[in-house]
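Structure record follows, encoded as structure tokens.
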């Protein structure tokens with residue numbers, strides 16, 4: 469597989485804006501492991517191998533368990549996730565697949581039961597950011613080198 473184009477080289481100013489957004493998100497109050505779960509789940513939906521590799525590795529380094537990472541694609545069937553995490557995962561799935569049904573009032577109200585408006589805004593921006601990264605990586609066929 470060959471990468472089609474290198475976005476960071478072709479439009480470095482735009483790429484740098486995305487990097488600055490990542491720095492901002494890392495400075496926010498949203499729990500780091502929850503942020504990684506969002507990035508992994510959205511990357512699963514978008515079938516972004518590059519981001520899956522990156523964020524599962526980041527989650528492991530931050531203390532996330534293999535069992536929860538493996539169960540993430542079936543979170544609705546797993547007892548491993550808290551009610552707050554379930555609310556986030558349902559929300560980010562609807563945001564990522566927004567053209568299908570939008571974001572339901574029920575899903576948003578459930579999110580509000582667990583998070584402040586400020587944290588919800590951070591969840592939205594995190595979801596938007598990883599969707600952007602996924603689309604760049606998938607469109608350009610960006611991938612991690614194969615580890616031996």
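Numbering (my numbering), first residue to last: 469 to 616. Even glycine gets a Cβ: it sits at the ideal position worked out from N, Cα and C. Note that this is a predicted model, so its numbers are computed, not measured.
Taking the continuous alpha helix (DSSP H) assigned at residue i, which residues delimit it?
i           : result
residue 601 : 585 to 608
residue 576 : 573 to 580
residue 525 : 517 to 529
residue 491 : 480 to 495
residue 569 : 566 to 569
Between the alpha carbons of residue i and residue j, how many angstroms are there, rounded?
i           : j           : result
residue 490 : residue 597 : 8 Å
residue 493 : residue 479 : 22 Å
residue 477 : residue 483 : 8 Å
residue 552 : residue 543 : 12 Å
residue 469 : residue 610 : 9 Å
residue 548 : residue 496 : 25 Å
Between residue i and the rest of its own chain, which residues show a CB-CB distance below 7 Å, the 5 nearest in sequence each way excluded?
i           : result
residue 575 : 558, 559 and 562
Do residue i and residue j have their CB atoms nearer than 8 Å?
i           : j           : result
residue 504 : residue 527 : yes
residue 581 : residue 498 : no
residue 514 : residue 586 : no
residue 537 : residue 524 : yes
residue 471 : residue 608 : yes
residue 519 : residue 605 : yes
residue 506 : residue 595 : yes
residue 502 : residue 571 : no
residue 475 : residue 602 : no
residue 588 : residue 579 : yes
residue 532 : residue 612 : no
Hey, out of the options, whose CA is closest to residue i's CA?
i           : options          : result
residue 564 : 533, 593 and 517 : 593
By Cβ distance below 8 Å, which residues in the same chain neighbour residue i in space, the five residues on each side in sequence not counted?
i           : result
residue 530 : 500, 501 and 504
residue 473 : 608
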